[in-house]
Amino acid sequence: MRRCASSQPPVEEIHAEEEEEEEEQEVFQETGGVNEEQVGPVEEPSAREPDGRPAPVEHKNGKRAEAGPGAADGGPRFSMFTWLVVVALLGVWSSVAVFYFDIVDYDRVLGKLAAYDTDGDGDFDVEDAKVLLEKTSKPEVETPTQRAPELEKDGPAAEETSVPGSQDVESEIQAAVPLPPLDDSHFVPDDPTEPGQRYGQYQNQNQNQARSCQVLISLFVPEEEPGSIDTTGVLVEESQPEETEGESGRYQTSSKLSAEAEGEEPPKAEPEPEPQTGSTQPTESRQEADGAAEKAAEEQKEKAKKKKPKLLNKIDKSIKSEIDAAEKLRRKGNLDMALKAFDSLVQQHPLSPRARYGKAQVQDDLAEKLRSNDLLQSAINTYREAAELPDVTSDLLRAALKRRAERQQFLGRMRGSLATLQKLVDIFPDDVGLRNDLGVAHLLLGDNKGAKKVYEEVLAVAPSNGFAKVHYGFILKAENKIAESIPYLREGLESGEPGTDDGRFYFHLGDALQRVGDDSAYQWYERGHQRGHFASVWQRSLYNVEGLKAQPWWTPQETGYTDLVRMLERNWKTIRDEALAVMDRSRGRFIPEEENLREKGEWGQYTLWQQGKRVGNACQGVPKTCALMERFPEATGCKRGQIKFSVMQPGTHVWPHTGPTNCRLRMHLGLVIPAPGCRIRCTNQTREWEEGRVLIFDDSFEHEVWQEADSYRLIFIVDVWHPELSQYQRQTLSPI
Numbered sequence: 067m068r069r070c071a072s073s074q075p076p077v078e079e080i081h082a083e084e085e086e087e088e089e090e091q092e093v094f095q096e097t098g099g100v101n102e103e104q105v106g107p108v109e110e111p112s113a114r115e116p117d118g119r120p121a122p123v124e125h126k127n128g129k130r131a132e133a134g135p136g137a138a139d140g141g142p143r144f145s146m147f148t149w150l151v152v153v154a155l156l157g158v159w160s161s162v163a164v165f166y167f168d169i170v171d172y173d174r175v176l177g178k179l180a181a182y183d184t185d186g187d188g189d190f191d192v193e194d195a196k197v198l199l200e201k202t203s204k205p206e207v208e209t210p211t212q213r214a215p216e217l218e219k220d221g222p223a224a225e226e227t228s229v230p231g232s233q234d235v236e237s238e239i240q241a242a243v244p245l246p247p248l249d250d251s252h253f254v255p256d257d258p259t260e261p262g263q264r265y266g267q268y269q270n271q272n273q274n275q276a277r278s279c280q281v282l283i284s285l286f287v288p289e290e291e292p293g294s295i296d297t298t299g300v301l302v303e304e305s306q307p308e309e310t311e312g313e314s315g316r317y318q319t320s321s322k323l324s325a326e327a328e329g330e331e332p333p334k335a336e337p338e339p340e341p342q343t344g345s346t347q348p349t350e351s352r353q354e355a356d357g358a359a360e361k362a363a364e365e366q367k368e369k370a371k372k373k374k375p376k377l378l379n380k381i382d383k384s385i386k387s388e389i390d391a392a393e394k395l396r397r398k399g400n401l402d403m404a405l406k407a408f409d410s411l412v413q414q415h416p417l418s419p420r421a422r423y424g425k426a427q428v429q430d431d432l433a434e435k436l437r438s439n440d441l442l443q444s445a446i447n448t449y450r451e452a453a454e455l456p457d458v459t460s461d462l463l464r465a466a467l468k469r470r471a472e473r474q475q476f477l478g479r480m481r482g483s484l485a486t487l488q489k490l491v492d493i494f495p496d497d498v499g500l501r502n503d504l505g506v507a508h509l510l511l512g513d514n515k516g517a518k519k520v521y522e523e524v525l526a527v528a529p530s531n532g533f534a535k536v537h538y539g540f541i542l543k544a545e546n547k548i549a550e551s552i553p554y555l556r557e558g559l560e561s562g563e564p565g566t567d568d569g570r571f572y573f574h575l576g577d578a579l580q581r582v583g584d585d586s587a588y589q590w591y592e593r594g595h596q597r598g599h600f601a602s603v604w605q606r607s608l609y610n611v612e613g614l615k616a617q618p619w620w621t622p623q624e625t626g627y628t629d630l631v632r633m634l635e636r637n638w639k640t641i642r643d644e645a646l647a648v649m650d651r652s653r654g655r656f657i658p659e660e661e662n663l664r665e666k667g668e669w670g671q672y673t674l675w676q677q678g679k680r681v682g683n684a685c686q687g688v689p690k691t692c693a694l695m696e697r698f699p700e701a702t703g704c705k706r707g708q709i710k711f712s713v714m715q716p717g718t719h720v721w722p723h724t725g726p727t728n729c730r731l732r733m734h735l736g737l738v739i740p741a742p743g744c745r746i747r748c749t750n751q752t753r754e755w756e757e758g759r760v761l762i763f764d765d766s767f768e769h770e771v772w773q774e775a776d777s778y779r780l781i782f783i784v785d786v787w788h789p790e791l792s793q794y795q796r797q798t799l800s801p802i
């Protein structure tokens with residue numbers, strides 16, 4: 067004990083007698099001693115000399131160590147038990163301090179110790195230490211294959227197979243990769259009922275929402291969009307994602323009918339290449355695959371070689387570092403700070419187009435984030451300011467004005483958008499894409515004549531442009547030039563160019579083919595269905611809510627509107643008499659059908675409610691009928707339907723057609739039905755009207771009407787909400 071006493075100052079002085087020391091020795095022996103591996107070698111109690119001094123310790127080398135100073139006169143002596151108590155107390159207090167002050171992350175430590183849990187009991191203990199010291203046999207460790215079911219259930223294993231520290235590095239790398247922002251709903255244009263709403267006949271009706279939804283999809287795109295600027299001040303072209311084999315399979319037609327429509331043979335399974343033995347030469351299929359890969363790589367290189375637009379003039383280049391810093395803030399989503407940075411640059415350098423364009427982009431982003439039309443209008447104004455500055459580069463001018471036109475369209479400023487696009491076309495007359503956009507702007511305003519002129523100019527310089535072809539064919543179809551529209555619609559769809567794969571064009575091509583008696587119409591309907599534009603070949607409505615029950619014919623009990631049906635059938639004579647009273651043409655109550663649905667004959671209508679609202683003073687002519695209908699909001703409040711009388715003269719035929727939406731059902735109450743010769747077909751089922759009885763069908767399915775009787779046919783049409791629509795949906799769905 068002399069060495070320990072001299073190596074560090076005594077913690078406690080003990081003046082013990084020989085009896086106490088013997089007593090302590092007995093206690094020490096009862097405890098079983100201390101493991102030498104834990105506390106080092108323990109000196110045996112030395113005998114005392116006759117004069118009371120400790121006997122010298124004899125070492126292994128035969129030398130004798132004398133007792134240290136102070137030993138003769140009863141200096142401090144320490145037993146092993148005392149040291150154990152001191153160490154134990156220190157350990158306890160250290161543990162309390164570490165735990166209380168959270169000095170050590172126990173979860174992390176225990177997580178790492180789990181790697182040494184060799185006996186699988188969930189902790190690290192003496193048994194695990196023995197295994198690690200190879201004093202007992204180590205239990206078998208599960209192989210990755212044995213762990214597979216557990217991994218599927220509980221996720222990746224801990225650190226049994228990982229290099230120490232690798233998990234931390236991987237987590238840091240993953241944390242450094244930003245997650246894409248959530249795509250929240252966007253704000254709604256100011257006035258969806260402006261003249262541009264007439265675009266409803268042209269708008270992409272395969273969307274589940276109204277006109278603004280298509281504009282939302284085309285305008286609000288992630289950060290890396292066409293027109294965005296990287297930190298070098300260059301307009302970044304959006305890289306189109308490569309279509310994988312699985313993704314392209316979505317667009318493969320699944321039936322022989324549609325395969326014939328596309329003029330293609332059904333795909334055949336290619337045999338797998340036979341394994342080669344003793345030969346290193348690749349098979350023919352391997353060579354083809356290598357060639358395809360090389361071709362794809364070359365295409366990627368060609369895309370990379372495309373010259374990036376120049377957006378910086380001399381002034382912009384002198385402040386490029388400041389512009390880059392502000393742009394970095396915008397890209398990171400620090401929009402308030404980015405706006406301050408760009409605003410400061412604009413104030414310091416008012417002739418910098420790039421700084422002003424950056425400010426417009428931040429205002430644009432903030433408008434989307436805050437759903438503020440006022441902020442969006444500010445962005446529109448700032449885009450214009452950037453484009454009007456002197457020495458603006460042509461690429462920045464194009465980017466600013468094009469974005470301005472898009473945002474004007476979103477706000478419903480159709481005439482302003484048209485003026486902006488016209489300015490762009492005047493500046494860049496050879497840009498076919500800008501001319502195509504100008505044609506769409508004319509269509510948004512309902513100006514088919516102006517759009518037709520634009521697309522004729524495009525096709526004169528680019529006769530194979532698919533986008534111009536489908537739109538030009540659409541305009542010809544609207545002018546009832548059915549046969550002329552077909553080749554433009556067909557060739558435009560077959561081109562596969564962006565903007566051509568649209569449900570409207572499949573719809574109108576099939577309709578045109580039906581009207582000229584070409585059975586290939588259903589092949590195009592099938593193709594549109596396979597592309598996801600139609601619910602089925604029969605059900606071709608384009609304003610749809612997914613998941614609604616779909617069947618052509620309904621019973622009153624299936625609709626749940628039995629009270630309405632009962633009221634109509636009980637009061638049919640009252641309704642008939644009022645209709646007959648207003649059939650006098652001189653009073654102008656019935657007007658010809660204007661939807662271009664007739665092949666021949668006369669078909670007049672007298673509308674009471676449209677889009678959930680009364681039509682003018684129409685109810686003054688039939689007050690009893692209107693009073694009866696007021697009790698049924700499922701009909702009068704149907705914003706996607708009508709309530710009207712329909713009179714059809716003999717010799718009338720209505721083309722096969724479908725309604726615009728699956729959100730309604732249509733009731734026909736027979737008022738004057740000459741027999742025989744009046745019938746209606748919905749899908750492949752044909753029925754006839756009866757006076758005083760109600761027929762119910764879903765007009766989003768194809769239907770056709772014949773009037774071959776000797777006198778007029780008069781019915782009362784009542785549209786009602788689809789019974790599976792919620793009250794919220796009925797209130798929020800856009801009118802049609």
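Letter by letter, the sequence shown follows residues 67 to 802 in this note's numbering.
Where a beta carbon is used, it is the ideal one built from N, C-alpha and C, also for glycine.
query, result
"Output the boundary residues of the alpha helix (DSSP H) element that contains leucine 487.", "480 to 493"
"What are the start and end residues of the alpha helix (DSSP H) that includes glutamine 715?", "Here glutamine 715 belongs to no alpha helix (DSSP H), and DSSP marks it neither H nor E."
"Secondary structure at glycine 569, three-state DSSP: helix, strand or coil?", "helix"
"What is the DSSP secondary structure of leucine 799, reduced to helix, strand or coil?", "coil"
"Please report the straight-line C-alpha distance between isoleucine 746 and aspartate 431, rounded to a whole angstrom.", "53 Å"
"With 16 other CB atoms within 10 Å as the buried threshold, where does tryptophan 590 fall?", "buried"
"Can asparagine 514 and isoleucine 541 be called in contact, C-beta distance under 8 Å?", "yes"
"Roughly how many angstroms separate the alpha carbons of glutamate 388 and arginine 796, rounded to a whole number?", "51 Å"
"Curious, which full-length beta strand (DSSP E) runs of at least 3 residues does the stretch 614 to 662 contain?", "none"
"Please name the residue in Gly569, Gln676, Glu612 and Asp496 whose C-alpha comes closest to that of glutamate 592.", "Gly569"
"Can you tell me the Cβ-Cβ gap for leucine 487 and alanine 507, rounded? I've got them flagged as a contact below 8 Å.", "5 Å"
"Using the Cβ count rule (16 or more neighbours within 10 Å means buried), how would you classify serine 460?", "exposed"
"Tell me the residue span of the beta strand (DSSP E) that contains tyrosine 672.", "669 to 676"
"Rounded to the nearest angstrom, what separates proline 801 and isoleucine 709 at their Cα positions?", "14 Å"
"My guess is that phenylalanine 767 and cysteine 748 are in contact by the Cβ rule of under 8 Å, so how many angstroms apart are they, rounded?", "6 Å"
"How far does the alpha helix (DSSP H) with threonine 448 in it reach, from first residue to last?", "439 to 454"
"Which residue spans inside the stretch 548 to 604 form an unbroken alpha helix (DSSP H) run of at least 4?", "548 to 561, 569 to 581 and 587 to 596"
"Measure the CB-CB distance between tyrosine 521 and glycine 532 and report whether it falls below 8 Å.", "no"
"How many angstroms separate the CA atom of serine 602 from the CA atom of threonine 566?", "20 Å"
"Give the C-beta separation of alanine 407 and alanine 433 to the nearest angstrom, bearing in mind that I take them to be a contact with Cβ-Cβ under 8 Å.", "Alanine 407 to alanine 433, Cβ: 18 Å. No contact."
"Using the C-alpha atoms, what's the distance from proline 722 back to valine 771?", "8 Å"
"Given valine 412, which residues of its chain have a CB within under 6 Å of its CB, disregarding the five upstream and five downstream residues?", "Ala421, Arg422 and Lys425"
"Bridge partners for valine 720 per DSSP, in chain order?", "Arg664 and Val771"
"Which residues bound the beta strand (DSSP E) around lysine 389?", "A small fix is needed here, since residue 389 is isoleucine in this sequence, not lysine. Segment 386 to 397 is the alpha helix (DSSP H) holding isoleucine 389; no beta strand (DSSP E) there."
"Whose C-beta lies closer than 7 Å to the C-beta of serine 792 among residues of the same chain, with five residues either side of it excluded?", "none"
"Short of 7 Å in beta carbon distance, which residues of its chain neighbour glycine 725, apart from the five on each side in sequence? Order them along the chain.", "Ser607, Asp765 and Ser766"
"Can you grab the Cα-Cα spacing for the pair leucine 694 / asparagine 439, in whole Å?", "43 Å"
"Report the residue from Val611, Ile657, Tyr609 and Gln605 whose alpha carbon sits nearest the alpha carbon of leucine 619.", "The identity of residue 619 in the sequence shown is tryptophan, whereas the question assumes leucine. It is Gln605 whose Cα lies nearest to the Cα of tryptophan 619."
"What residue range is occupied by the uninterrupted alpha helix (DSSP H) comprising histidine 537?", "532 to 544"
"Can phenylalanine 711 and alanine 775 be called in contact, C-beta distance under 8 Å?", "no"
"If you draw a straight line from the C-alpha of isoleucine 493 to the C-alpha of arginine 556, how long is it?", "32 Å"
"Since tyrosine 609 sits in a beta bridge, which residues does DSSP pair it with?", "Thr727"
"Is the beta carbon of asparagine 806 sitting closer than 8 Å to the one on valine 536?", "Nothing about residue 806 can be read from this structure; the chain reaches only from 67 to 802."
"Check whether the Cβ atoms of leucine 735 and valine 784 lie closer than 8 Å to each other.", "yes"
"When the Cα atoms are used, what is the spatial distance from leucine 731 to glutamate 756?", "19 Å"
"Taking C-alpha atoms, which residue in Pro529, Asp643 and Ala471 lies nearest to leucine 510?", "Ala471"
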